[in-house]
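Inspection log for the structure reproduced underneath, given as structure tokens.
In the numbering used here, the protein residues as written are 1 to 138.
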């Protein structure tokens, strides 16, 4: 990838010099795929769904807002080009829809937002497709 001089500008107005970076991407067969069908409880608020790698880092993230009128509480998430390894799913019950997990507040008598993890690890292998179903508790 090549960037011409002044192609990028920082917050302070500084301009970039020319830049050349070489990188490569693995072949399609190197990666795996995961299709997750999640059934959410009948609760009107948002959810943050995260695919976590073996170290607990977020590999992929989706924000899902359920609406009161929604009859369909199931959503399908497709994760393509996933590096082989062990993963887990994490769901944050984002009660205030601010797209992040909030701690509790003792003074305000507020509990932290609930978190759920998938029961089992998800093993992603090269050139494999995983299909998972997960029904969340209310």
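Using N, Cα and C, we set each Cβ at its ideal position, and we do this for glycine too.
Note that the structure is predicted; figures quoted are calculated from it, not measured.
Asked                                                                                                                                                            : Found
Where does residue 28 fall in DSSP's three states?                                                                                                               : helix
Would you say the stretch 29-45 touches the stretch 119-135, given that touching needs at least three Cβ pairs under 8 Å?                                        : yes
Can you pull the DSSP bridge partners for residue 134?                                                                                                           : 38
Could you tell me if residue 94 is buried or exposed, where buried requires 16 or more neighbouring beta carbons within 10 angstroms of its beta carbon?         : buried
Excluding the 5 residues flanking residue 73 on each side, which residues of the same chain have their C-beta closer than 6 Å to its C-beta?                     : 39 and 40
Using a Cβ-Cβ cutoff of less than 6 Å, which residues in the same chain neighbour residue 60 once the five nearest sequence positions on both sides are dropped? : 51 and 79
Per the DSSP calculation, residue 61 is bridged to which residue(s)?                                                                                             : 50
I need the DSSP call for residue 105, collapsed to helix, strand or coil.                                                                                        : strand
What are the residues that DSSP puts in a beta bridge with residue 124?                                                                                          : 85
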